[in-house]
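Each protein sequence line maps, in turn, to chains A and B.
Here the numbering used here is used: the first residue of the first sequence is 1341, the next is one more, and so on.
Here the numbering used here is used: the first residue of the second sequence is 33, the next is one more, and so on.
Report on one structure; see the data block that follows.
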Amino acid sequence: MNKLLECKNLSKYFGPVRALDNVTLTIGSGRIVGLLGPNASGKSTFMKICNDLLTPSSGEIRIAGFEPGVESKKIVSYLPERNYLNDWMKVSDIISFFDDFYADFNKEKAYDMLNKLNIQAEDRLKTLSKGTKEKVQLILVMSRDAQLYLLDEPIGGVDPAARDYILETIIRNYNENATVIISTHLISDIEKVLDDVIFIKEGQIVLHKTVDEIREETGKSVDSLFREVFRC
Amino acid sequence: MGWELKTDRPIYAQLIEQIELRICAGIYPPGSRIPSVRDLAQEASVNPNTMQRALAKLEEDGLLYSHRTSGRFVTEDTEMIRKTRNKLAKEQVQVFLKKMKDLGFEYGEILSIISDLAEEMME
Chain A
1341 MNKLLECKNL SKYFGPVRAL DNVTLTIGSG RIVGLLGPNA SGKSTFMKIC
1391 NDLLTPSSGE IRIAGFEPGV ESKKIVSYLP ERNYLNDWMK VSDIISFFDD
1441 FYADFNKEKA YDMLNKLNIQ AEDRLKTLSK GTKEKVQLIL VMSRDAQLYL
1491 LDEPIGGVDP AARDYILETI IRNYNENATV IISTHLISDI EKVLDDVIFI
1541 KEGQIVLHKT VDEIREETGK SVDSLFREVF RC
Chain B
33 MGWELKTDRP IYAQLIEQIE LRICAGIYPP GSRIPSVRDL AQEASVNPNT
83 MQRALAKLEE DGLLYSHRTS GRFVTEDTEM IRKTRNKLAK EQVQVFLKKM
133 KDLGFEYGEI LSIISDLAEE MME
């Protein structure tokens, strides 16, 4: 397995809180990975470190050999958990902006997805509903031909039909050089699409297996296993 | 025919069964080309690697074969398809018999229920 993403003893502390606690992890190319954990388990912290929005307290992280920074950002397409787009812009403006900014941005792909999801390119972002804004953000992220897609809660706010379309898009976009990491609570919706599952609990990796390994070994779906491991 | 996948068993094993079913039912006839991994994965909404694994196993079993350039095909060996069809039928009957046994039916009772229902349905 080649090493697209590699962490060694990665930790992040916020004062006394260990948001990530000694995480060692290798993820290869051509995988669709679910990063699953309850609220406040460290999922978003991990993604932020991958994108150089936070610096680790200790340990190492490499993406295709690069430390998070300018070089890694060229090949990582990141969907943050919150909306960061300027409300006054039109959908078409923000697409031009991305097209300008990222060398690997595919404008046709973006317009094609907008069409499929019935979003008007001339609408201003402030007139769009919360769910539609989320769809626009996801379209922007998936329209790059990146090597690593980091999607933080990509399907939480959208309706089930759009959710299906998004998962279909992820499958259609699949290629063996790219890896997609998805963090979510909506496990039953996505488990069929995943290769690997990572359970994260209080900043630690508690399980890293393929979906079929989990089903074979436990006779349970990832969703039921999650409910068991994280029972409150 | 839709793709029905249960949540408690490995996905790749279920994909193998469902493709076998399609071959036996003639949806993918002997010698015909089956859709690409990507198309099949999208149709079944599953991970392409999982679909690839299922197809590789079917190839190993001989039910499918691949041409390096032109794709994957169903075997032309109709005897092999017939055997697979019998295997699937046996599995169905085993599941059925197990359920009837759990309900407390005896062999003779089961047979008479089957023959009565079959007569009704075939009329």
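Just so it is clear, CB atoms sit at the ideal spot from N, CA and C, and this is done for glycine as well.
| query | result |
| --- | --- |
| Name, please, each residue of chain B whose Cβ falls closer than 7 Å to the Cβ of glycine 1368 of chain A. | Here the premise fails: no neighbours, minimum Cβ distance about 11 Å. |
| Rounded to whole angstroms, what is the Cα-Cα separation between arginine 1464 of chain A and glutamate 123 of chain B? | 58 Å |
| Could you tell me whether the Cβ of valine 1569 of chain A comes closer than 9 Å to any Cβ of chain B? | no |
| Kindly indicate which residue of A/Glu1557, A/Ser1564 and A/Lys1541 has the alpha-carbon position closest to the one of glycine 1377 of chain A. | A/Lys1541 |
| Do we get a CB-CB distance below 9 Å when we pair lysine 1532 of chain A with the residues of chain B? | yes |
| In three-state terms, what does DSSP make of alanine 1518 of chain A? | coil |
| Name the residues in the stretch 67-78 of chain B whose C-beta lies less than 9 Å from a C-beta of chain A; which are they? | Arg70, Ala73, Gln74, Ala76, Ser77 and Val78 |
| In the stretch 1534-1563 of chain A, which residue ranges form an unbroken beta strand (DSSP E) of at least 3 residues, counting only runs that do not cross its ends? | 1536-1541 and 1544-1550 |
| Can you give the Cα-Cα distance for serine 1384 of chain A and proline 42 of chain B, rounded to whole angstroms? | 29 Å |
| Verify whether the separation of the beta carbon atoms of leucine 1491 of chain A and valine 1476 of chain A is less than 9 Å. | no |
| In chain order, what residues of the same chain lie with their CB nearer than 7 Å to the CB of leucine 120 of chain B, ignoring the 5 residues before and after it? | Glu52, Leu53 and Cys56 |
| Return yes when the Cβ of threonine 1364 of chain A is within less than 9 Å of the Cβ of asparagine 1349 of chain A, no when it is not. | yes |
| Are the CB atoms of glutamate 1400 of chain A and cysteine 1347 of chain A within a distance shorter than 9 Å? | yes |
| I'd like to know whether the C-beta of isoleucine 51 of chain B is nearer than 9 Å to at least one C-beta of chain A. | no |
| Quick one: Cα of alanine 1450 of chain A to Cα of serine 1436 of chain A, how far? | 10 Å |
| Quick one: measure Cβ to Cβ for lysine 1447 of chain A and aspartate 1440 of chain A, integer angstroms, because I've assumed they're closer than 8 Å. | Actually they do not touch by this definition, with Cβ atoms about 10 Å apart. |
| Whose Cβ in chain B lies nearer than 7 Å to the Cβ of aspartate 1535 of chain A? | Asn79 and Asn81 |
| So, is threonine 82 of chain B buried or exposed, given that buried needs 16 or more other C-beta atoms within 10 angstroms? | buried |
| Which class does glutamate 1346 of chain A belong to by DSSP, given the choice of helix, strand or coil? | strand |
| Contact criterion: CB-CB distance below 9 Å. Does arginine 104 of chain B meet it with respect to chain A? | no |
| Could you spell out where the beta strand (DSSP E) holding isoleucine 146 of chain B opens and where it closes? | Counting along the chain, isoleucine 146 of chain B falls outside any beta strand (DSSP E), though it belongs to the alpha helix (DSSP H) covering 139-154. |
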